[in-house]
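In this note's numbering, the protein residues as written are 3 to 355.
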């Protein structure tokens, strides 16, 4: 069990190093991280060595056990009484029975090892299956035709888990957002701006209040998520290909120049198994995916922070702003910048939840 925990630490550390190898190389941190991995690996080898020694001793004992049992059984039989005579019939039948026991006894140590590993794996699966479910009733879905507001919160409070001891991160939130409006959400770092979007998605636990959404949602997270497939498939996300809409999305998200630089244009594979994109490129691909979905409500978690100033201006003008592709759609824009606030219909200021 301890060996598997240390093995998990080593794999996690190795994965983090590989994901951030560029930063690690730029700062010349190779030696420090090699020491960290070596330290964890040495601990793992310690347990592997102990396990190997115990397994070897166990295998030797269990392999010779049938032979020792046979010798001791025959000796006990003969010495226990003068009338007990070991004849061929009894000896060969006994040896045949001992040989039947040999195979189960030889594999017994391996079975015990597998049982321990299975218990650890089963515990992990149990923890995952017993984790908290997302409350599907936290957000009411209402028909667009029957509701004036695209988003509505009434005296709503939220916390990250169902535990009563956990602090409330959003307290008594009230807001009404009409269809087609552009709303900016601003505030200090850690004030709860992203938590408001998570609450609208139903990803955090509602303590009390009422939340309703009227229409379909597209979400652009602060950290872009990219699939291990082509750039085109990342944007389509399983939807039918519409060339006219696709070209408009590419142009609006300032991806045309980036596509021209890729080896196979939009058929280039990206993600962990393909070409690595910069943070700004990943963010624009994530935004393009949301744009192509043609949803009714767009939750945009600071999409302009990862791009250059001139690219950010282009995206706001051609995507988010009053004359952009999302004109007429409901947009909640979490932002740290103030340059575009004058073009928003309303501004929500978040302070300490």
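Just so you know, even glycine gets a beta-carbon here, dropped at the ideal spot from N, CA and C.
Extract the residue ranges of the beta strand (DSSP E) inside the region 263-337, only unbroken runs of 3 or more that lie entirely within it.
Unbroken beta strand (DSSP E) stretches of 3 residues or longer found wholly inside the region 263-337: 299-303, 332-336, given in chain order.
Mind pulling the beta strand (DSSP E) runs of 3 or more residues that sit fully within the region 99-152?
Runs of the beta strand (DSSP E) inside the region 99-152: 142-144.
Are the Cβ atoms of residue 218 and residue 297 separated by less than 8 Å?
Cβ atoms of residue 218 and residue 297: closer than 8 Å.
Using DSSP bridges, identify the partner residues of residue 232.
For residue 232, the beta-bridge partners assigned by DSSP are 271.
Residue 294 classed as buried or exposed, judged by whether at least 16 other C-beta atoms fall within 10 angstroms
Residue 294 counts as buried, since no fewer than 16 other beta carbons sit within 10 angstroms of its beta carbon.
For residue 214 and residue 155, I'd like the C-alpha separation in whole angstroms.
It is roughly 7 Å from the alpha-carbon of residue 214 to the alpha-carbon of residue 155.
If you follow the beta strand (DSSP E) that residue 191 is part of, which residue opens it and which one closes it?
It is not in any beta strand (DSSP E) - residue 191 carries neither H nor E in the DSSP assignment.
Between the Cα of residue 207 and the Cα atoms of 225, 28, 287, 135, which residue gives the shortest distance?
Considering only alpha carbons, the answer is 135.
Supposed close pair residue 158, residue 146 - CB separation, criterion 8 Å:
Between the beta-carbon of residue 158 and that of residue 146 there is about 21 Å, and that puts the pair past the 8 Å contact cut.
Helix, strand or coil for residue 88? Go by DSSP, reduced to three states.
The answer is coil: DSSP assigns residue 88 none of H, G, I, E or B.
Check for me: the alpha helix (DSSP H) holding residue 27 runs from which residue to which?
Segment 23-28, the alpha helix (DSSP H) holding residue 27.
Where does residue 363 land, buried or exposed, given buried means 16+ other C-beta within 10 angstroms?
Examination of residue 363 is not possible in this model, given that the chain is present from 3 through 355 alone.
C-alpha gap between residue 349 and residue 150, whole angstroms
Approximately 19 Å between the Cα atoms of the pair.
Quick one: grab the DSSP three-state call for residue 245.
Residue state, collapsed to three classes: helix.
Cβ-based burial, residue 256 [other Cβ within 10 Å; buried from 16]
Residue 256 is buried by the Cβ-count criterion.
Select from 41, 286, 152, 216 the residue whose C-alpha is nearest the C-alpha of residue 185.
Between residue 185 and the set 41, 286, 152, 216, the nearest pair of CA atoms involves 152.
Once you ignore the five residues that flank residue 4 on each side, which residues in its own chain have a CB closer than 7 Å to its CB?
If we look at residue 4 and ignore the five residues flanking it on each side, its Cβ neighbours are 49.
Can you look up residue 5 in the DSSP assignment and give me helix, strand or coil?
Helix, per DSSP.
Where do the ends of the beta strand (DSSP E) carrying residue 38 lie?
Note, residue 38: premise wrong, no beta strand (DSSP E); alpha helix (DSSP H) at 32-81.
Should residue 321 and residue 328 be called a contact, given that it needs their Cβ atoms to be closer than 8 Å?
If you check the CB distance, residue 321 and residue 328 come in under 8 Å.
With distances taken from CA atoms, which of 74, 110, 107, 318 is nearest residue 93?
The residue among 74, 110, 107, 318 with its C-alpha nearest the C-alpha of residue 93 is 74.
Start-to-end residues for the beta strand (DSSP E) that takes in residue 214:
Under the DSSP assignment, residue 214 falls in the beta strand (DSSP E) whose first and last residues are 207-216.
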